[in-house]
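Enquirer: Below is a structure I'd like to ask you about.
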Amino acid sequence: MLMRPPAGPLPRFEGVGAPYPPTAPPTTSSPPPPGHIPQAPQGGVRVPQLTEADCKKFTDLFQVSGAVDGILPGM
223 MLMRPPAGPL
233 PRFEGVGAPY
243 PPTAPPTTSS
253 PPPPGHIPQA
263 PQGGVRVPQL
273 TEADCKKFTD
283 LFQVSGAVDG
293 ILPGM
């Protein structure tokens, strides 16, 4: 059986200047026009939003997956 380590503080790394929680850059432009698809951030992956049909499909798959009290076994 796999054991989860006890909860503790988040690790800190020397020399990394990323703020936590991440802050959004200030916006100085007008909102995009309707139907505009924003560009993916540099180095990031754009994940499309789920449709209602996708949500139902994944919910149905989870229901028959063998979850006990909403938790799937790890093995």
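Each number in my numbering corresponds to the 1-based position in the sequence shown with 222 added.
Cβ coordinates follow ideal geometry from the N, Cα and C atoms, glycine included.
1. Going by the DSSP bridge assignment, what does V290 pair with across the sheet?
2. Rounded to a whole number of angstroms, what is the C-alpha to C-alpha distance between K278 and L272?
3. How big is the Cα-Cα spacing for T281 and P270?
Expert: In short:
1. I293
2. 10 Å
3. 18 Å
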